[in-house]
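The next block holds one structure in the form of structure tokens; read it before the comments.
Chains as they are written, first to last, in this note's numbering: chain A, 70 to 357; chain B, 65 to 540; chain C, 53 to 369.
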């Protein structure tokens, strides 16, 4: 231990590219895996959730309208900046999850690699999931995937790799999102927000809220300007059912919580991208 | 005057039984706790037959039969063999297409021209298309061995009774699921005829089960714990209820719901074809079409001319006996639907829109509504926002492409949209920005089994048709 | 549509080649698939019993009974004229056709044979069918036919000039021919089979109508494809729109390849549902045909007697 007193970081929310405190002025104490005080995280309110949805909606046209090439580069840039902050995330994961430094390094590496993996999908998914359709008539008919819109994400307990694994597939296709970070270990999410804020990700594309899932998620689930909700991080089955029922009000696309905590190190496949895609089919006559 | 003499299609080709049971486990059976109700010809109010509103025990029996068939027969059958059953069904539909078309028209009220030239050919095409997928699922892009879900509970609407059955049953069977299907309350007869086609195809018992009934039967089906997959086509309101009731379950859900499609006509459109597209968009099937082009957005500079052309065209529409081969506009499917169309049209007038219909005599018996156009409609009017599901067109204007997109997307629905312009780059620009699952450019209301169909936003989720449609019935 | 004051004056559009091109290219386009789909839908109309009888009689009255062969002789033309007056000699209720259409040199024969019958004599002119001759030759061709007694002239447009975009040249030629016609009615053959697109068919129709055509006609019968249902649809839509703009009704003649009564009835359905009653008269719609007439007669006999007719019972002229 050095004699110098460390300068602590204030962990705030990440909304619309800025780092505001909760409008409620509330915070909650975040402790390490072994029970040490780490920081006070912002305790987001329903109004913070509302503001985050507004920011995500505002960012949607620009982000979904960007070229796939551009989005891919932005995601790759996230990987680059994350790699540069490797040590910081390792330290945070050691605190948050009680991992050994070795284990934490592996997790951070996997998170970096996940951004790289999804970055590469941005300009490939159209070809894998789109089609031209041989209709029985004089028409050119094609189907393309398009982003669903604003996606609310309840992030899983895994504070970095789990978080990256649910956020990257949502945004790579052009969606914007409001993420409720792991309630118990929210700090890596805010540090990741700092990465996003410095990686050419336009403000509002990812918005990060910290606080109580049971308090914030219902407002997102019932929000009529949210198009989809990922319930992966909702541990309480009753709450998940309530959220899914609330999401029915405007027919949100819903990803239900998994029956068991997923193996975040495994090959993610396409499911998390395709869950938040619409297929648009366009017809045009062929004639002179 | 060139008056077309009546040209009625003969109904002697159909043989409607005085009463029907439920099709469960390969047999027509009497209900356990269901009760009978009558189905009528909406064009005449004549009672056609008595069918069963299946009760919970009936549904339970049907689901059990489907489960048994799934586990013991269908899931063990190689895809190649499943496909052959579907090919058989496709052929049987073609062979009996005249009979099925007449039956559809009698039970539904739609013109025979449409049931004969649109519904039935598409029904056969859907079975034919999906038959070919049954042994090729490993190549569909869902992994090397995509598995079926199990028992599919399917609830379909009354606007395209047999076609919606085909959209549901064909992909479900091709992917290896078994089904319990509930046809709409007012249009059960072609589904019951389909039961006979299953018999002729020697489809193993329980692979397809058909339980007739109304909302209660549908609810019992979708909420049945033995159902692994729910597919529903119908109103957004009911879709919402289903989504809510399935919350917390592991059932896979796809919904194809309502719409309020914008049909956008630019000043450089091929006008005569645009007029046809508008007519086809909203008056096809009496406007009982979820993807109907019920909002005409016309560029202000040509609004007056286009409307005059449209009105002239509407004067040539022939409303009347659905079995007459020259009828363009048939009967409204039910008294309830007629009441809804009337109510919303009256609201349209009260809100200040101008109502117009071509001179047209409505038959005395049956449920009828004339083709109707509302002009002077603004986005705030209820007739511009709510799905009327009838032959009622709301006309709005716009000035710029950006305004057209904004107005077109200004709805909670997102099923379909139309664009009319001769400028290629503008078509693509519009097609990119319209938040709708199907965009018809310089055409409207085209369907094909290879072409994925389904909604954005509150028009539902999931796709039907094409490779994409298979996903709804696979464990992926 | 009623004539609107905001519409630019049609007199100005033929002031220059540029103005005419602007006008013709400013007409709303025709989507091929949509137009063909519309025609195909109308072709499914089921015309039965009284409607069929009405349509068959009307179709007979609309026939321009035509012979345009190098081997035509006065004898052949006289036989055709006899047939034109009494298509079904066994049935006095059967109406005569509208006109007999021949090459210019045979006009005197037809005039003589049809004198007092009310059946009009039509002549093809302007270096039919190719139209490849100097204007003076074409005009001489027209004048000769008119002087010989032709009441209707079927001219061909210069498709080469049209496809080269020299619209004003095509227009001016029609104007000159119209003037040469005097009181004779002018039918302008567009030869739609050579125009290739419906946009061109529409533009050529407008061009001919602007130049004073009394009829626009699909084809010479010497080029395939000749008349088709969608081509007729596009031309009828043009005639309808032209009347809306100018108040003048221009007729439409379909010619070439129409052999079956069923096809003729399909054309009449398109006329009925595109232009309505005003065009359901021999003054505004014609069939250029020869073998069509016998099928119309056979179908007519079926509607009268209730049994299918056989070709041996109808004259082959």
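Quick reminder that beta carbons are idealized off the backbone N, C-alpha and C, glycines included.
As the structure is a computational prediction, the values presented were derived from the model and not from experiment.
Beta strand (DSSP E) segment containing residue 99 of chain B, residue limits: Residue numbering aside, residue 99 of chain B sits at position 35 when the second chain is read from its first letter. Taken as a continuous stretch (DSSP letters only), the beta strand (DSSP E) holding residue 99 of chain B covers 99-104.
Through-space distance from residue 108 of chain C to residue 317 of chain C, alpha-carbon basis: One-based indexing of the third chain puts residue 317 of chain C at position 265. One-based indexing of the third chain puts residue 108 of chain C at position 56. Each residue's alpha carbon lies about 7 Å from the other.
Within chain B, partners of residue 296 of chain A - CB distance below 9 Å: Counted from its first residue, the first chain places residue 296 of chain A at position 227. Near residue 296 of chain A (Cβ distances below 9 Å), the residues of chain B are 520, 521.
Listed by chain order, chain B residues near residue 139 of chain A by CB distance under 9 Å: Mapped onto the first chain, residue 139 of chain A falls at position 70. Per Cβ cutoff of 9 Å: no residues; residue 139 of chain A is ~16 Å from chain B at best.
Residue 162 of chain A vs residue 179 of chain A beta-carbon contact at 7 Å: Taking the first chain and counting its residues from 1, the one referred to as residue 162 of chain A is at position 93. Taking the first chain and counting its residues from 1, the one referred to as residue 179 of chain A is at position 110. In this structure, residue 179 of chain A does not lie closer than 7 Å to residue 162 of chain A by Cβ.
Limits of the alpha helix (DSSP H) - the one that residue 264 of chain B falls within: Along the second chain, read from residue 1 onward, the residue named residue 264 of chain B stands at position 200. Element bounds for residue 264 of chain B: 253-264.
Residue interval of the beta strand (DSSP E) (run including residue 25 of chain C): Residue coverage of chain C in this structure runs from 53 to 369, which leaves residue 25 of chain C outside it and unanswerable.
Contact list for residue 62 of chain C against chain B, beta-carbon separation under 9 Å: Taking the third chain and counting its residues from 1, the one referred to as residue 62 of chain C is at position 10. Per Cβ cutoff of 9 Å: no residues; residue 62 of chain C is ~16 Å from chain B at best.
Closest Cα partner of residue 364 of chain B within the set B:246, B:330, B:142: Here residue 364 of chain B corresponds to residue number 300 of the second chain, with the count starting at 1. Here the closest residue by C-alpha is B:330.
Chain-ordered chain A contacts of residue 504 of chain B [CB-CB under 7 Å]: To locate residue 504 of chain B, count along the second chain from 1; it is residue 440. Those are 352, listed as they occur along chain A.
The segment 237-246 of chain C / the segment 82-89 of chain C touching (three or more Cβ pairs under 8 Å): no
Nearest-angstrom beta carbon gap, residue 482 of chain B and residue 501 of chain B [assumed within contact, 8 Å]: Translated into positions along the second chain, residue 501 of chain B becomes position 437. Translated into positions along the second chain, residue 482 of chain B becomes position 418. Between residue 482 of chain B and residue 501 of chain B the Cβ distance is about 13 Å, and since that is not below 8 Å, they are no contact.
Interface residues of the segment 196-208 of chain A facing chain B [CB-CB below 9 Å]: 197, 198, 200, 202, 203, 204, 205, 206, 208
Span of the beta strand (DSSP E), counted from its first residue to its last, around residue 239 of chain C: As a working mapping, residue 239 of chain C is identified with position 187 in the third chain. Annotation for residue 239 of chain C: the continuous beta strand (DSSP E) segment containing it runs 237-241.
Minimum Cβ-Cβ distance from residue 270 of chain C to chain A less than 7 Å: Stepping through the third chain from its first residue, residue 270 of chain C is reached at position 218. No, residue 270 of chain C lies away from the interface with chain A (no Cβ there is under 7 Å from its Cβ).
Enclosing beta strand (DSSP E) for residue 353 of chain A [first to last residue]: Stepping through the first chain from its first residue, residue 353 of chain A is reached at position 284. Element bounds for residue 353 of chain A: 346-354.
Extent of the continuous beta strand (DSSP E) run through residue 88 of chain C: As a position in the third chain, residue 88 of chain C is number 36, starting the count at 1. No beta strand (DSSP E) holds residue 88 of chain C; the alpha helix (DSSP H) holding it covers 84-94.
Spatially closest choice to residue 381 of chain B from C:349, C:271, C:325, C:329, by CA coordinates: Position 317 of the second chain, counted from the first residue, corresponds to residue 381 of chain B. Comparing Cα-Cα distances from residue 381 of chain B to each of C:349, C:271, C:325, C:329, the minimum goes to C:325.
Given 8 Å, three or more beta-carbon pairs between the segment 81-88 of chain B and the segment 220-233 of chain A: no
Residues bridged to residue 212 of chain A (per DSSP): In the first chain, residue 212 of chain A corresponds to position 143, counting from 1. Partner(s): A:200, A:350.
C-alpha gap between residue 248 of chain B and residue 261 of chain B, whole angstroms: Your numbering for residue 248 of chain B matches position 184 in the second chain. Your numbering for residue 261 of chain B matches position 197 in the second chain. Their Cα atoms are separated by approximately 19 Å.
Given 8 Å, three or more beta-carbon pairs between the segment 441-448 of chain B and the segment 342-357 of chain B: no
Residue 246 of chain A: first and last residue of the uninterrupted beta strand (DSSP E) it sits in: Position 177 of the first chain, counted from the start, is the residue given in the question as residue 246 of chain A. Counting along the chain, the beta strand (DSSP E) containing residue 246 of chain A begins and ends at 245-249.
With 16 other Cβ atoms within 10 Å as the buried cut-off, status of residue 532 of chain B: Residue 532 of chain B sits at position 468 when you count from the first residue of the second chain. Result: buried.
Three-state secondary structure assigned by DSSP to residue 278 of chain A: Your numbering for residue 278 of chain A matches position 209 in the first chain. Looking at residue 278 of chain A - three-state DSSP - the assignment turns out to be strand.
Cutoff 7 Å; reference residue 129 of chain A; Cβ partners in own chain excluding five residues on either side: Here residue 129 of chain A refers to the residue found at position 60 of the first chain. Within the same chain, residue 129 of chain A has close Cβ partners 218, 219, 245.
Euclidean distance between Cα positions of residue 133 of chain B and residue 223 of chain B: For the purposes of this step, residue 133 of chain B is identified with residue 69 of the second chain, where counting begins at 1. For the purposes of this step, residue 223 of chain B is identified with residue 159 of the second chain, where counting begins at 1. Cα-Cα distance, rounded: 30 Å.
Beta-carbon spacing of residue 89 of chain A, residue 507 of chain B below 7 Å: Along the first chain, read from residue 1 onward, the residue named residue 89 of chain A stands at position 20. Along the second chain, read from residue 1 onward, the residue named residue 507 of chain B stands at position 443. No, the Cβ-Cβ distance between residue 89 of chain A and residue 507 of chain B is not below 7 Å.
Residue range of the beta strand (DSSP E) that includes residue 153 of chain C: Taking the first residue of the third chain as position 1, residue 153 of chain C is located at position 101. For residue 153 of chain C, the uninterrupted beta strand (DSSP E) run begins and ends at 151-155, by DSSP.
Beta bridge counterpart(s) of residue 244 of chain B as assigned by DSSP: Along the second chain, one-based indexing puts residue 244 of chain B at 180. Note: residue 244 of chain B sits in a beta bridge opposite B:217, B:273.
Short Cβ contact (7 Å threshold) for residue 270 of chain C with residue 286 of chain C: Here residue 270 of chain C corresponds to residue number 218 of the third chain, with the count starting at 1. Here residue 286 of chain C corresponds to residue number 234 of the third chain, with the count starting at 1. The answer is no: Cβ separation not under 7 Å.
N-terminal and C-terminal residue of the alpha helix (DSSP H) that residue 526 of chain B is part of: Here residue 526 of chain B refers to the residue found at position 462 of the second chain. Per DSSP, residue 526 of chain B belongs to no alpha helix (DSSP H) and is neither H nor E.
Candidates C:312, C:164, C:300: closest to residue 330 of chain C by CA position: Taking the first residue of the third chain as position 1, residue 330 of chain C is located at position 278. The candidate whose alpha carbon is nearest that of residue 330 of chain C is C:300.
Range of the contiguous beta strand (DSSP E) that encloses residue 207 of chain C: Sequence index remark: in the third chain, residue 207 of chain C carries index 155 (1-based). Note, residue 207 of chain C: beta strand (DSSP E), 204-208.
Counted within 10 angstroms of its Cβ, other Cβ atoms place residue 209 of chain A as buried (16 or more) or exposed: Along the first chain, one-based indexing puts residue 209 of chain A at 140. Flag for residue 209 of chain A reads exposed.
Range of the contiguous beta strand (DSSP E) that encloses residue 396 of chain B: What you label residue 396 of chain B is simply residue 332 of the second chain in a count that begins at 1. No beta strand (DSSP E) contains residue 396 of chain B, which DSSP labels as neither H nor E.
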